[in-house]
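Contents: one structure, followed by commentary.
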Amino acid sequence: MEKENQIFGIRAIIEAVNAKKEIDKVFIQKEAQGDLMGELLKTLKRNNINFSYVPVEKLNKLTHNNHQGAVATIAPISFVSLENLVESVLENGKTPLFLILDQLSDARNFGAIIRTAECTGVDGIIVQKQGSAPVNGDTVKTSAGAVFNVPICKVDHIKDAVFYLQGSGIKTVAATEKTDNNLYDLSLNEPVAIIMGSEDKGVNPSVLKIVDEKAKLPMFGTISSLNVSVACGAFLYEAVRQRQ
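Quick note: the sequence shown uses our numbering, first residue 1, plus one each step.
Structure, rendered in structure tokens:
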């Protein structure tokens, strides 16, 4: 992690949050206690900032400074609001193509997906604040800088984003093996948002219940699933093929 993209120490992180810095994720030492740590946790929850508990060894790796049990990463980009993103895309006249990542947790997968999204003309990527991969140095590097070219939006809940997109006339399509529908039988020529799930669990069942369509890729090998960034590329390029 680049040192200029991190803040260490409880009080420093609280001050950064209160100053509205673009905090992406906070790593907190497991079993950490104390009044100041309690204040940090309240501040993070009040501001809907993504945090996770980690062993002290992880924090020691992140910084050699006195971290006091907390290290924050500052996002190298600014995030956009869902409303502004959808509104601006609908206004520009092209057929919208959005990508929703449902709790994807690996920063390198995230970076690879952003790179493919930029190459396929995706108008914006939507992620959940809690449980999603951080936008850090690994993400930037793996995306080959594409992270600076594709708007990224953080939402409280993926389900709310799905409902909002549907209300804006955008079809939602979930990539899942739990369907008989083949991707290549689906129309992606209209305004659409493609939903990819996490590396281990796929798209959340509560999200699958509310999407407009579900689709899977045909599989011919003995391994039953693809890496999520590879599967995402297949879905996005099918949208490109249909729109050519």
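Even glycine gets a Cβ: it sits at the ideal position worked out from N, Cα and C.
Have a look at residue i and residue j and give me their C-alpha separation to the nearest angstrom.
{"i": "Ser229", "j": "Val122", "result": "14 Å"}
{"i": "Ala70", "j": "Phe8", "result": "6 Å"}
{"i": "Gln166", "j": "Asp212", "result": "8 Å"}
{"i": "Arg11", "j": "Gln128", "result": "26 Å"}
{"i": "Phe92", "j": "Gln242", "result": "It is worth fixing the name first, because residue 92 is Asn in this sequence and not Phe. One C-alpha to the other measures close to 20 Å."}
{"i": "Ser105", "j": "Glu199", "result": "7 Å"}
{"i": "Ala32", "j": "Ala239", "result": "47 Å"}
{"i": "Phe148", "j": "Glu177", "result": "32 Å"}
{"i": "Ser132", "j": "Gln103", "result": "5 Å"}
Can you give me the Cβ contacts of residue i inside the same chain, cut-off strictly under 6 Å, excluding the 5 residues immediately before and after it?
{"i": "Ala146", "result": "Ile114, Arg115 and Glu118"}
By the three-class DSSP mapping on this structure, what secondary structure does residue i have?
{"i": "Val86", "result": "helix"}
{"i": "Ala70", "result": "strand"}
{"i": "Val203", "result": "coil"}
{"i": "Ala146", "result": "helix"}
{"i": "Val140", "result": "helix"}
May I ask which residues mark the beginning and end of the beta strand (DSSP E) holding residue i?
{"i": "Met196", "result": "Val192 to Met196"}
{"i": "Tyr286", "result": "No information on residue 286 is available, as it lies outside the stretch 1 to 244 that the chain covers here."}
{"i": "Glu213", "result": "Glu213 to Ala215"}
{"i": "Lys21", "result": "Where Lys21 is concerned, there is no enclosing beta strand (DSSP E), given that its DSSP letter is neither H nor E."}
{"i": "Lys30", "result": "Here Lys30 belongs to no beta strand (DSSP E), and DSSP marks it neither H nor E."}
Please work out which residues of its chain come closer than 8 Å, Cβ to Cβ, to residue i, disregarding the five sequence neighbours upstream and downstream, and give them in chain order.
{"i": "Ile170", "result": "Val86, Pro96, Phe98, Pro191, Val192 and Ala193"}
How far does the alpha helix (DSSP H) with residue i in it extend, from its first residue to its last?
{"i": "Glu15", "result": "Ile10 to Asn18"}
{"i": "Glu238", "result": "Val228 to Arg243"}
{"i": "His111", "result": "This sequence places Gly at residue 111; His is not what is there. Note, Gly111: alpha helix (DSSP H), Ala107 to Cys119."}
{"i": "Thr43", "result": "Asp35 to Arg46"}
{"i": "Leu186", "result": "Premise fails: Leu186 is in no alpha helix (DSSP H) and is neither H nor E."}
{"i": "Val56", "result": "Val56 to Leu62"}
Can you tell me whether residue i is buried or exposed, with buried defined as 16 or more other CB within 10 angstroms of its CB?
{"i": "His64", "result": "exposed"}
{"i": "Asp180", "result": "exposed"}
{"i": "Glu2", "result": "In this predicted model, Glu2 has a pLDDT of only 49, less than 50, meaning its place in the structure is not dependable; the value taken from the coordinates is given anyway. By the 10 Å Cβ count, Glu2 comes out exposed."}
{"i": "Ser88", "result": "exposed"}
{"i": "Gly111", "result": "buried"}
{"i": "Lys25", "result": "buried"}
{"i": "Ile14", "result": "buried"}
Please return the same chain residues whose Cβ sits closer than 7 Å to the Cβ of residue i, not counting the five positions on each side in sequence.
{"i": "Pro218", "result": "Asn182"}
{"i": "Cys232", "result": "Ile113, Thr116 and Met196"}
{"i": "Lys21", "result": "Ile74"}
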